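2 protein chains.
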Amino acid sequence: MEQEFCPVHEAIQFLQEKWVLHIVRSLLEGPRGFNDLSRSVGGCNPATLAQRLDHLCEIGVVRKEVQSLMPPRTFYHLTGAGRELQDVIAAIDRWATAHLRPGVELSHPVCGGGELQSTIRPV
Amino acid sequence: MEQEFCPVHEAIQFLQEKWVLHIVRSLLEGPRGFNDLSRSVGGCNPATLAQRLDHLCEIGVVRKEVQSLMPPRTFYHLTGAGRELQDVIAAIDRWATAHLRPGVELSHPVCGGGELQSTIRPV
DNA sequence: TGAATCGCTTTACATTGTCAAGTATATTTG
DNA sequence: CAAATATACTTGACAATGTAAAGCGATTCA
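Protein chains in written order, with the working numbering: chain A, 1 to 123; chain V, 124 to 246.
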């Protein structure tokens, strides 16, 4: 009793996983090693990062290349399909620069304080 | 010791919250009431949905309009800024139809089985 | 020699999301 | 007329998910 297959829905399913968009954005700038990527993503802990990268490899968006085991040296880079996510990131970029400005924290302001000024600037 | 303000990063922060992209996509099709929206989003439970909608209202992407309290009748619709997220959804749509096809579940295949065929079709 | 780096994994804990049920009332159905 | 269904959520208990901190084995750097 599956629904019809909906590509957009599927895509959203994995894009909304925490850190995935950040990871993709980071990898669009070039291939990186694990720690390097971790730093550039910022805030994602290694356990989660490892899990996300595994998943992204499985679905074919990222490829992992191990250059040497000891000393460890690994590279994660986007596949062709992965690189095409650039359009998505670009769209987010355009929206963000058009609508977001410094000010209030965007992420989950605890709705308790006073009036809360929106981060969005009216068009 | 704040980082420089980066709009894209901020945007990703809220877009990656679970269900947000689904909610936006759904609302792009037109305003909806709570249960209606819940059904169209599919799988998000009311507690989470209520929380997400609150947040989306706070940051100015969604507006809530209460038509009557009893019987309850509410409408959620995108603001101008919200509607402009259409470009983001459209980009996801394009990517998805180009790269995803029915087959394996995309969401978190437990990496234990045999060889796992990717849902992505090569270009 | 000792610190830092590499790519992770492990464990314990905190945050987050979900299920199921419930609230108050109006409209629809039998 | 009574029951079912709908509306918009909230609540509480519980499960899934994410995180912090530490650590591993080895090499490079000062």
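All C-beta atoms, glycine included, are put in the ideal place defined by N, C-alpha and C.
Quick caveat: nothing in here was measured; it's all calculated off a predicted structure.
- Interface annotation, L201(V): not in contact with chain A, CB-CB separation never under 9 Å.
- Interface annotation, G60(A): in contact with chain V, CB-CB separation under 9 Å.
- Ranked by Cα distance from D177(V), the options F157(V), P195(V), G166(V), S191(V) are led by F157(V).
- Taking C-beta atoms under 8 Å as the contact rule, L144(V) and I92(A) fail to qualify, at a distance of about 11 Å.
- Taking a contact to require three or more Cβ pairs closer than 8 Å, the stretch 197 to 210 of chain V and the stretch 138 to 152 of chain V qualify as touching.
- Closer than 9 Å to the CB of K141(V) there is at least one CB belonging to chain A.
- Residue pairing by DSSP places T74(A) opposite V66(A) in a beta bridge.
- Counting the other Cβ atoms within 10 Å of the Cβ of A219(V) gives 16 or more, which makes it buried.
- I146(V): member of the alpha helix (DSSP H) spanning 143 to 151, first to last residue.
- Taking 9 Å as the CB threshold, L138(V) lines the interface with chain A.
- Spatial neighbours of H222(V) in its own chain (CB-CB distance under 6 Å, excluding positions within 5 residues in sequence) are listed in chain order as I243.
- For G165(V), the closest Cβ of chain A is nearer than 9 Å.
- Chain order gives the chain V residues near A96(A) as C129, P130, V131, H132, E133, A134, I135, where near means a beta carbon separation below 9 Å.
- Counting the other CB atoms within 10 Å of its CB gives R155(V) a total of 16 or more, which places it among the buried residues.
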